[in-house]
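Here's the structure, in structure tokens; my notes come after.
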Amino acid sequence: MTRLKCPDCQHENEPERIYCHNCGARLDRTGPAKEKIEEGPTEERTRQHPPKMFSPNRGKGKAIAIKVANIILGALCLAVVIVMLLPPDLAPAPKNYDFAPLINRDMVSALSSHQPPTLVYNEGQVNSYLAATLRRKDNPSQQGFAPLKRVFVQFQEGQCAIHIEHKLMVLSIFAGSTYQVAIVNNKIVATSTGGYIGRMPIHPSLMKYGNFLFGKAWDCLAQERNSVARLAGIEFHPQSVTLIVSR
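Residues in the sequence shown are numbered from 2 upward in steps of one, following my numbering.
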């Protein structure tokens, strides 16, 4: 506690006194007033923020919660990657394909003569043609990163499912999408109704951003896509597709 010293007799007085207790002289109180102003905010801060010695574990709960949340988020991301790398439940690739029809040549010939008015192929014929197309020497599917190993289709009523398999070092990455297809003004309009990567299902609204997965497949089928775009229509039925040349 600060005591007031009398300027006349040097007697030390209590800090609340105005006059000296010994000689009665008026005391100089500018020092205690200044000290009170300086100490005021410190005392106020002390009252607002209790010393950490009274709460040594303060803040540890928040740090632990953040660490746990990061661990859970990392585990979820790892689980998603693992599910995407797992192969889906698809039919294995046949060891031998049937004789592949020359589908693109058939389309070009029919478009030039408008005969026959329709071309019908079953799943086996189309998949044999796709396998033969991938084996062509000028095919771009084997170039660059993650070469294309397999492309095959499945036909349902009104829909076509396209499945692809990429080779990434020793891993096989599978992806696929189901489409509703129409031909409008010499353009193929394909609307995804769902898809997958590995065993992870992908919502149709997100599948439209996954077209890069099918880039190599679209490149190696560029001629076929141009021919299909010139057709009058295309219809999918269970295990077969009908190409409408003219109406």
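We treat Cβ as the ideally placed atom computed from N, Cα and C, and that holds for glycine.
Tell me residue i's beta-bridge partners as DSSP assigns them.
{"i": "threonine 243", "result": "Val121, Glu236"}
{"i": "alanine 1", "result": "With the chain covering only 2 through 248, there is no way to say anything about residue 1."}
{"i": "lysine 188", "result": "Val185"}
{"i": "glutamate 17", "result": "DSSP, once it has assigned bridges, lists no residue as partnering glutamate 17."}
{"i": "lysine 6", "result": "Glu13"}
{"i": "serine 193", "result": "Tyr180"}
{"i": "glutamine 160", "result": "Gln157"}
What number of angstroms, rounded off, separates the C-alpha of residue i from the C-alpha of residue j?
{"i": "proline 117", "j": "leucine 172", "result": "44 Å"}
{"i": "phenylalanine 146", "j": "lysine 138", "result": "18 Å"}
{"i": "tyrosine 130", "j": "cysteine 78", "result": "38 Å"}
{"i": "glycine 41", "j": "alanine 76", "result": "Because glycine 41 sits at a pLDDT of 48, beneath the cut-off of 50, its placement in the model cannot be relied upon, and the following sentence gives the value as read from the coordinates. For glycine 41 and alanine 76, the distance between alpha carbons rounds to 52 Å."}
{"i": "arginine 231", "j": "threonine 119", "result": "13 Å"}
{"i": "isoleucine 189", "j": "isoleucine 235", "result": "10 Å"}
{"i": "cysteine 21", "j": "glutamate 15", "result": "9 Å"}
{"i": "isoleucine 65", "j": "isoleucine 72", "result": "11 Å"}
{"i": "arginine 136", "j": "valine 127", "result": "14 Å"}
{"i": "histidine 164", "j": "leucine 103", "result": "21 Å"}
{"i": "glycine 159", "j": "valine 81", "result": "31 Å"}
{"i": "valine 152", "j": "serine 228", "result": "19 Å"}
{"i": "serine 274", "j": "leucine 74", "result": "Outside the modelled stretch of the chain, which goes from 2 to 248, sits residue 274, for which no answer is possible."}
{"i": "alanine 132", "j": "serine 247", "result": "28 Å"}
{"i": "serine 113", "j": "leucine 86", "result": "45 Å"}
{"i": "arginine 27", "j": "glutamine 11", "result": "12 Å"}
{"i": "aspartate 99", "j": "asparagine 105", "result": "17 Å"}
{"i": "tyrosine 122", "j": "proline 148", "result": "27 Å"}
{"i": "cysteine 161", "j": "glycine 125", "result": "14 Å"}
{"i": "glycine 219", "j": "lysine 61", "result": "The question names glycine, but residue 219 in the sequence shown is tryptophan. Each residue's Cα considered, the two are about 55 Å apart."}
{"i": "phenylalanine 215", "j": "methionine 170", "result": "18 Å"}
{"i": "isoleucine 38", "j": "lysine 63", "result": "With a pLDDT of 45 at isoleucine 38, under the threshold of 50, the predicted position of this residue should be treated as unreliable, though the coordinate-derived value follows. Approximately 37 Å, taken between the alpha carbons."}
{"i": "serine 142", "j": "glutamate 166", "result": "11 Å"}
{"i": "lysine 217", "j": "lysine 68", "result": "41 Å"}
{"i": "phenylalanine 213", "j": "asparagine 140", "result": "18 Å"}
Looking only at C-alpha atoms, which of the options sits nearest to residue i?
{"i": "aspartate 9", "options": "Asn212, Asp29, Asn140", "result": "Asp29"}
{"i": "glycine 199", "options": "Ser142, Pro88, Gln224", "result": "Pro88"}
{"i": "serine 178", "options": "Lys168, Pro202, His167", "result": "Pro202"}
{"i": "threonine 134", "options": "Phe156, Lys68, Ala223, Ala111", "result": "Ala223"}
{"i": "threonine 243", "options": "Gln157, Thr31, Asn227", "result": "Gln157"}
{"i": "leucine 91", "options": "Gln11, Ala132, Tyr197", "result": "Tyr197"}
{"i": "tyrosine 180", "options": "Val246, Leu169, Glu166, Gly195", "result": "Gly195"}
{"i": "isoleucine 83", "options": "Lys63, Asn23, Phe175", "result": "Phe175"}
{"i": "arginine 226", "options": "His167, Val109, Val121, Phe237", "result": "Val109"}
{"i": "lysine 168", "options": "Leu112, Gln144, Arg4, Lys63", "result": "Gln144"}
{"i": "proline 239", "options": "Gln155, Pro93, Glu166", "result": "Gln155"}
{"i": "cysteine 24", "options": "Phe213, Lys96, Cys7", "result": "Cys7"}
{"i": "cysteine 221", "options": "Leu5, Ala70, Thr31, Lys150", "result": "Lys150"}
{"i": "alanine 233", "options": "Ala111, Pro95, Pro93, Gly211", "result": "Ala111"}
In terms of residues, what are the limits of the beta strand (DSSP E) holding residue i?
{"i": "alanine 26", "result": "Element bounds for alanine 26: n/a, residue is neither H nor E."}
{"i": "arginine 226", "result": "From DSSP, arginine 226 is part of no beta strand (DSSP E) but of the alpha helix (DSSP H) over 223–230."}
Counting along the chain, where does the alpha helix (DSSP H) carrying residue i start and finish?
{"i": "valine 154", "result": "No alpha helix (DSSP H) contains valine 154, which is instead part of the beta strand (DSSP E) from 149–157."}
{"i": "alanine 64", "result": "61–86"}
{"i": "arginine 106", "result": "104–114"}
{"i": "serine 142", "result": "Premise fails: serine 142 is in no alpha helix (DSSP H) and is neither H nor E."}
{"i": "leucine 91", "result": "Careful: leucine 91 lies outside any alpha helix (DSSP H) and carries neither H nor E."}
{"i": "leucine 207", "result": "205–208"}
Problem set entry | Stretch-stretch touch, CB-based, cutoff 8 Å, three pairs: the stretch 198–211 with the stretch 180–189 | Touching, no, given that fewer than three Cβ pairs across the two stretches are closer than 8 Å.
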